[in-house]
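Novice: In our numbering, the protein residues as written are 8 to 367. Idealized CB from N, CA, C, for every residue including glycine. Just so we're clear, the structure is a prediction, and the values are computed from it rather than from any experiment. Mind looking over this structure? Questions follow.
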């Protein structure tokens with residue numbers, strides 16, 4: 008491993024800067040790959056981006072950046088992508104700073120920025136060295152997500168194609184599923200969700216299996232099938248549908264003959280039920296009837312005390328006497344059979360009898 012310190016002016020850095028689907032993100036007269044496959048997307052917010060340019064305009068030092076020398080006249084940006092793109096976008100006229108675009112600056116102001124020197128550590132080493140440096144350097148700063156870290160280990164055409172589908176601003180996956188999937192494409196959360204669904208939560212195994220594939224078409228098709236399934240059987244969209252475990256639901260019920268009208272009618276009733284405190288869980292409940300998804304409202308302390316006094320501390324199941332703290336509130340008529348969480352429907356059971364009833 009060899010590391011050299013190099014000074015690069017912003018004028019040199021931004022020469023022939025391009026950001027396109029065809030050519031990727033390049034600068035330094037086309038010799039610097041600003042976004043190699045293992046790099047994240049541009050995630051800086053406007054405040055962070057402006058701070059970079061403000062530092063340059065004040066001629067204060069930016070943190071050192073890291074490049075990899077490919078030993079063929081080209082370089083890869085190892086650390087400093089967010090700062091580099093912030094600078095290039097400003098010079099390219101893509102945003103203003105303090106209400107002044109690049110073209111609004113006086114020639115002497117432009118020259119001062121273009122002459123600004125960036126400090127670059129240029130590293131020479133093999134692929135494993137490069138990946139080790141990348142992970143070490145990126146411990147600080149904008150913390151990498153789990154999926155961004157996974158991407159480092161599974162580079163290749165499959166990952167590049169997958170990122171085109173799932174990891175770009177306004178990518179196909181976001182346009183299709185932004186109302187159903189939580190997270191941000193550029194932070195790799197859509198890609199992680201798609202792989203998680205396709206692999207039944209064996210993400211590393213799936214990425215290792217497909218790393219050498221020429222494309223990610225199978226993953227994209229699988230993702231579309233799952234989203235189209237949820238849209239078909241639950242066509243009346245509600246905000247509670249965002250973040251549903253669609254992958255698990257699809258795997259369990261994709262072969263079932265579901266009636267979307269009956270599902271919707273049941274959903275309407277449950278949405279109005281005050282005892283259902285977790286509305287998102289309704290969608291899983293109408294499929295598998297497991298009440299754990301609903302978080303049925305519990306009896307409050309006043310209702311428990313009233314039932315306890317009414318029973319004189321006697322468990323209605325085993326007829327033994329217990330202290331209040333040793334007993335559990337229970338629905339006399341189960342919620343599933345129409346029983347409500349009200350005082351008249353509350354009974355107190357000892358812990359053993361409550362557990363025995365729950366296990367039935």
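(1) Going by DSSP, what residues sit across from residue 336 in a beta bridge?
(2) Of all the options 220, 94, 98 and 174, which has the alpha carbon lying nearest to the alpha carbon of residue 112?
(3) Whose C-beta lies closer than 7 Å to the C-beta of residue 223 among residues of the same chain, with five residues either side of it excluded?
(4) Among all the DSSP beta bridges, which residues are the ones paired with residue 26?
(5) Hey, how far is the Cα of residue 265 from the Cα of residue 209?
(6) Where does residue 244 land, buried or exposed, given buried means 16+ other C-beta within 10 angstroms?
(7) Is residue 104 helix, strand or coil by DSSP?
(8) With distances taken between CB atoms, is the gap from residue 190 to residue 176 smaller than 9 Å?
(9) Report the residue ranges of all beta strand (DSSP E) runs contained in full by the segment 300 to 345; include only those spanning at least 3 residues, in chain order.
(10) Please list, in chain order, all residues of the same chain as residue 9 whose beta carbon is under 6 Å from its beta carbon, the five residues on each side excluded.
(11) What does DSSP give as the partner residue(s) for residue 40 in the beta ladder?
(12) Here's a check: name, in chain order, each residue in its chain whose Cβ is nearer than 6 Å to the Cβ of residue 237, leaving out the five neighbours to either side.
(13) Whole angstroms are fine: how far does the CA of residue 230 sit from the CA of residue 241?
(14) Just how far apart, CA to CA, sit residue 205 and residue 225?
(15) Classify residue 335: buried if its beta carbon has 16 or more other beta carbons within 10 angstroms, exposed otherwise.
(16) On the premise that residue 41 lies in contact with residue 33, defined as a C-beta separation below 8 Å, what is that separation, rounded to the nearest angstrom?
(17) Does residue 278 pass the burial test, meaning 16 or more other C-beta atoms within 10 Å, or should it be called exposed?
(18) Rounded to whole angstroms, what is the Cα-Cα separation between residue 90 and residue 192?
(19) Looking at the structure shown, is residue 178 part of a helix, part of a strand, or coil, going by DSSP?
(20) With DSSP collapsed to three states, give me the class of residue 7.
(21) Shortest alpha-carbon distance to residue 163 belongs to which of 182, 184, 217 and 181?
(22) Put residue 281 into one of helix, strand or coil per three-state DSSP.
(23) Can you give the Cα-Cα distance for residue 28 and residue 77, rounded to whole angstroms?
(24) Grab the span of the beta strand (DSSP E) containing residue 116 for me, first residue to last.
(25) For a test of the three-state rule: what should DSSP assign to residue 126, helix, strand or coil?
(26) Under 9 Å between the Cβ atoms of residue 20 and residue 125?
(27) In terms of residues, what are the limits of the alpha helix (DSSP H) holding residue 93?
(28) Tell me, which residues are paired with residue 74 by DSSP?
(29) For a quick check, are the C-beta atoms of residue 184 and residue 234 less than 9 Å apart?
(30) Out of curiosity, what's the CA-to-CA distance linking residue 369 and residue 331?
(31) Relative to the C-alpha of residue 284, which residue among 207, 272, 293 and 303 is closest?
(32) Check for me: the alpha helix (DSSP H) holding residue 170 runs from which residue to which?
Specialist: Taking the definition as stated:
(1) 355
(2) 98
(3) 165, 168, 169 and 172
(4) 32
(5) 28 Å
(6) exposed
(7) strand
(8) no
(9) 334 to 338
(10) 131
(11) 33 and 83
(12) 253
(13) 17 Å
(14) 9 Å
(15) buried
(16) 6 Å
(17) exposed
(18) 20 Å
(19) coil
(20) The structure shown has nothing for residue 7, since the chain only spans 8 to 367.
(21) 217
(22) coil
(23) 22 Å
(24) Careful: residue 116 lies outside any beta strand (DSSP E), inside the alpha helix (DSSP H) at 114 to 121.
(25) strand
(26) yes
(27) 88 to 98
(28) 84 and 129
(29) yes
(30) Residue 369 lies beyond the residue range present for the chain, which begins at 8 and ends at 367; the question has no answer from this structure.
(31) 303
(32) 164 to 173
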